[in-house]
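In the working numbering, the protein residues as written are 181 to 474.
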């Protein structure tokens, strides 16, 4: 959510002040639309800035309250309430939401801009030069209530990646996410490091943008709309590693990208095909500026 808010704000040429929302008990356990006093629930005074951008279900009632106090408001993600409570709403096409104040994108908003990726490429090319080419970057998520990535699934993914390294003679660099469990990380390290892969252990500088910028192909677990969106913003093929579970919305998201020809399902071997970046963040920001008149 932080990445989406910052991505949109930066693309619109703004310099945002971040205000993380931390609802107090008992409001944390209650859907935001039922909060009697949203600003009090998150301990937020009316900020001096004229524009407020929020992301997620708990941001929506706060933005609604701020709009009543004269602020311009932009909601990212489906607000789960009447869209007329906001000046603008930015959603992905899998949200199936339309309206005169709705901006629809094909991917999640993010910060993987061409400029940031180019800077990362210059910074990381020499650091990753020891890895064989083609170089495959692997972005690993974790269990999230809809998809399961526990020890068994992690071992299976590790085995498949190891098979690809051996069969296709590729270099591999992998990063876990905050949701990747320790047993999954251990399985990946045990299977891949002996084959020459580089697996980030969370220490030192985060190689994430460098991986996106320097890879010849990207494999990303299909549980994360954000990671998939950042991956397809690059110019290289993206393969989705499927996980047990189901989400209608995430399924619609990935199906749309398959129809666009931007992603394919990872079947255990490296696949390369002509691709181009798919990123609607700047376009959404341009529409936002035009509609809000700034």
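The beta carbon of each residue, even a glycine, is placed where N, CA and C say it ideally should be.
All of these numbers come straight from a predicted model, not from anything done at the bench.
Whether residue i touches residue j by CB criterion (8 Å)
i           : j           : result
residue 318 : residue 354 : yes
residue 363 : residue 379 : no
residue 255 : residue 266 : yes
residue 427 : residue 326 : yes
residue 285 : residue 273 : yes
residue 324 : residue 275 : no
residue 283 : residue 268 : yes
residue 226 : residue 458 : no
residue 450 : residue 413 : no
residue 446 : residue 423 : no
residue 211 : residue 234 : no
residue 312 : residue 350 : yes
residue 205 : residue 242 : no
residue 469 : residue 232 : no
residue 215 : residue 208 : no
Through-space distance from residue j to residue i, alpha-carbon basis
i           : j           : result
residue 219 : residue 184 : 22 Å
residue 376 : residue 290 : 31 Å
residue 372 : residue 343 : 10 Å
residue 329 : residue 245 : 38 Å
residue 221 : residue 465 : 30 Å
residue 203 : residue 316 : 40 Å
residue 406 : residue 194 : 21 Å
residue 188 : residue 460 : 10 Å
residue 314 : residue 392 : 13 Å
residue 395 : residue 417 : 9 Å
residue 340 : residue 198 : 40 Å
residue 415 : residue 306 : 20 Å
residue 223 : residue 467 : 32 Å
residue 338 : residue 452 : 21 Å
residue 253 : residue 430 : 26 Å
residue 190 : residue 293 : 10 Å
residue 448 : residue 217 : 51 Å
residue 410 : residue 388 : 10 Å
residue 352 : residue 434 : 23 Å
residue 247 : residue 348 : 55 Å
residue 213 : residue 310 : 52 Å
residue 259 : residue 277 : 10 Å
residue 444 : residue 432 : 14 Å
One or two residues paired with residue i in a DSSP bridge
i           : result
residue 425 : 327
residue 268 : 254
residue 234 : 255
residue 283 : 270
residue 299 : DSSP lists no partner for residue 299.
residue 309 : According to DSSP, residue 309 bridges with nothing at all.
residue 317 : 353, 398
Integer-rounded CB distance, given that residue j should sit under 8 Å from residue i
i           : j           : result
residue 400 : residue 356 : 12 Å between Cβ atoms; not a contact.
residue 230 : residue 251 : 6 Å
residue 300 : residue 384 : That pair is no contact at about 15 Å.
residue 240 : residue 261 : 6 Å
residue 455 : residue 442 : 7 Å
residue 425 : residue 361 : That pair is no contact at about 15 Å.
Residue ranges of each alpha helix (DSSP H) within the segment 324-389, 4 or longer
Complete alpha helix (DSSP H) runs here, min 4: 331-348, 362-372.
Minimum length 3: unbroken beta strand (DSSP E) runs contained in the segment 385-473:
Listed in chain order, the beta strand (DSSP E) runs fully inside the segment 385-473 are 397-401, 418-421, 443-445, counting runs of at least 3 residues.
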